[in-house]
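Some notes on the structure that comes next.
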Amino acid sequence: MTSTSFIFILLIILALFIFLYRRARQENKTLSRATARLELELKGHSLDEDQVSQRLAAVGIASSEALLICKKDRTVIYMNPVAQILFAVPTNNQSLIAVTRQHEIDQLFDEALAGRTTDKQLFFNSRTFRVRAVMFEGGAVIALSDITELQRLGRARRDFIANLSHELRTPLTGIRLILDTLKTPAGRNPDLLPTLVDKIVVETESLSQIAQELLDLSSIESGQTVMKLRLSAVKPVALNVMQRLQETWARKNQKVNIEIDDGLKAMMDAAQIERVLLNLLHNAIKFTPQDGDILIRAREQNQDGVMIEVADDGGGISHEDLPRIFERFYRGDRARSTQGTGLGLAVAKHIVEAHGGKIWAESDGVPGHGSAFRFTLPPH
3 MTSTSFIFIL LIILALFIFL YRRARQENKT LSRATARLEL ELKGHSLDED QVSQRLAAVG
63 IASSEALLIC KKDRTVIYMN PVAQILFAVP TNNQSLIAVT RQHEIDQLFD EALAGRTTDK
123 QLFFNSRTFR VRAVMFEGGA VIALSDITEL QRLGRARRDF IANLSHELRT PLTGIRLILD
183 TLKTPAGRNP DLLPTLVDKI VVETESLSQI AQELLDLSSI ESGQTVMKLR LSAVKPVALN
243 VMQRLQETWA RKNQKVNIEI DDGLKAMMDA AQIERVLLNL LHNAIKFTPQ DGDILIRARE
303 QNQDGVMIEV ADDGGGISHE DLPRIFERFY RGDRARSTQG TGLGLAVAKH IVEAHGGKIW
363 AESDGVPGHG SAFRFTLPPH
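Residue numbers (this note's numbering): 3 to 382.
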């Protein structure tokens, strides 16, 4: 490289450096002007006391939590509508203890003023609340969230998992015991082998039923199962269910009667309503004693559509169990000695409600008086 070329390159580098320096200074000036303009805009939009109150009220109305703002002397200077309803106090400027009547909240306020952000659960007014208190200059903000429903859902989830584990364990244990028997010399007895295989089939069907009912329930609850409502005759559906379970009720020498007019029709998804009746009749057969009577009846109810009933003369249902029998996996006293998934009635409930109807059970709990399961279908 010649000296002339070297000097030329240095001049280019110097020119580039000067250009970048000037550009940086210009950008800094632009940023400074923008910052100064922003400061002027912020000063020009300073909020007065009324504007602050309006914005605070908007935040309080939008919040689903109960909000209280207190001064250091414990005077409540603001409550949002949720807090006013919760504590039944429509006005401010009262002491915190007078508003809440809860010493625990008063203690949380002290902790917040001491600089400790608190977060505790309190139970009052028959509800459970998550209470938080946060300090600001001049006082503290207290927020109360109603977590009663979250706790109920948490318990339901735990119960669901526990019940599902129990229901799965029963057939799996049965299969395991049968397989252990097959490994022994007695289990290899040709005369015993068909019996053991039949028992494995029964337990396997039980597992399959649990899986299918879980899938059905999940599909219905999520709205993935579409109900195709058509004006259909009710009696053929009931007769089909009766025929499908004929071997079961005939084995117990039971009598199943049907009282449904041939011309009675309802708006329904016939296949889904058949599943409802199948569950109800299966339960009636299970809990009705030998030589018992079961009745399937349907009638039109003026403007309320059609009511379908499955009644038996079995042991009945206790008053304690009646409100819960449509819960998933719930099994009352009369069901504890019998097999079943505890999902059939839950599936039936969701199907009926998806039709726009309702389902319920009636029983006086007296053995021999039996029980009646009824559900409605919308008018056509």
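Ideal Cβ positions, reconstructed from N, Cα and C, are used throughout, including at glycine. None of these values were measured; they are calculated from a predicted model.
{"Asked": "Residue environment, Ser365, which counts as buried when at least 16 other CB atoms sit within 10 Å", "Found": "buried"}
{"Asked": "Three CB pairs or more closer than 8 Å across the region 305 to 323 and the region 356 to 376", "Found": "yes"}
{"Asked": "Residues near Arg299 in its chain [Cβ-Cβ closer than 6 Å; skip 5 each side]", "Found": "Glu261, Glu311"}
{"Asked": "From Val91, Ala213, Ala68, Ser234, residue whose alpha carbon lies closest to that of Asn82", "Found": "Ala68"}
{"Asked": "Inter-stretch contact (C-beta, 8 Å, three-pair minimum) for the region 141 to 151 and the region 71 to 89", "Found": "yes"}
{"Asked": "The region 240 to 258 touching the region 210 to 225, judged by at least three CB pairs closer than 8 Å", "Found": "no"}
{"Asked": "Bridge partners - Asn389, DSSP secondary structure assignment", "Found": "Within the shown structure, residues of the chain are numbered from 3 to 382, placing residue 389 beyond reach of any answer."}
{"Asked": "Within-9 Å CB hit, Gly358 to chain B", "Found": "Protein chain content of the structure displayed is limited to a single chain, and chain B is not contained in it."}
{"Asked": "Nearest-angstrom beta carbon gap, Val278 and Ala350 [assumed within contact, 8 Å]", "Found": "4 Å"}
{"Asked": "The alpha helix (DSSP H) enclosing Glu261, as first and last residue numbers", "Found": "Where Glu261 is concerned, there is no enclosing alpha helix (DSSP H), although the beta strand (DSSP E) it sits in stretches over 257 to 261."}
{"Asked": "Environment of Asn30 [buried if 16+ CB atoms lie within 10 Å]", "Found": "Reliability fails at Asn30, whose pLDDT of 44 lies under 50, so the model's placement of it is uncertain and no value is given."}
{"Asked": "Presumed contact (8 Å Cβ cut-off) between Leu98 and Asp108, rounded CB distance", "Found": "6 Å"}
{"Asked": "Whole runs of the alpha helix (DSSP H) within the region 66 to 130, excluding any shorter than 4 residues", "Found": "83 to 89, 98 to 102, 105 to 115"}
{"Asked": "DSSP bridge partner residues for Pro299 (one or two, in chain order)", "Found": "The question names Pro, but residue 299 in the sequence shown is Arg. Answer is Glu261, Glu311, bridged to Arg299."}
{"Asked": "Beta-carbon spacing of His357, Ile296 below 9 Å", "Found": "no"}
{"Asked": "Leu231 in three-state terms, based on DSSP", "Found": "coil"}
{"Asked": "Enclosing alpha helix (DSSP H) for Arg277 [first to last residue]", "Found": "272 to 289"}
{"Asked": "Element boundaries [alpha helix (DSSP H), containing Gly358]", "Found": "It is not in any alpha helix (DSSP H) - Gly358 carries neither H nor E in the DSSP assignment."}
{"Asked": "Candidates Gly265, Ser221, Ile212, of which the one nearest Pro238 by Cα", "Found": "Gly265"}
{"Asked": "Nearest-angstrom Cα separation, counted from Leu216 out to Pro173", "Found": "16 Å"}
{"Asked": "Rounded distance between the beta-carbons of Asn95 and Ile71, thought under 8 Å", "Found": "In fact, because the Cβ distance is near 12 Å, the residues do not count as touching under 8 Å."}
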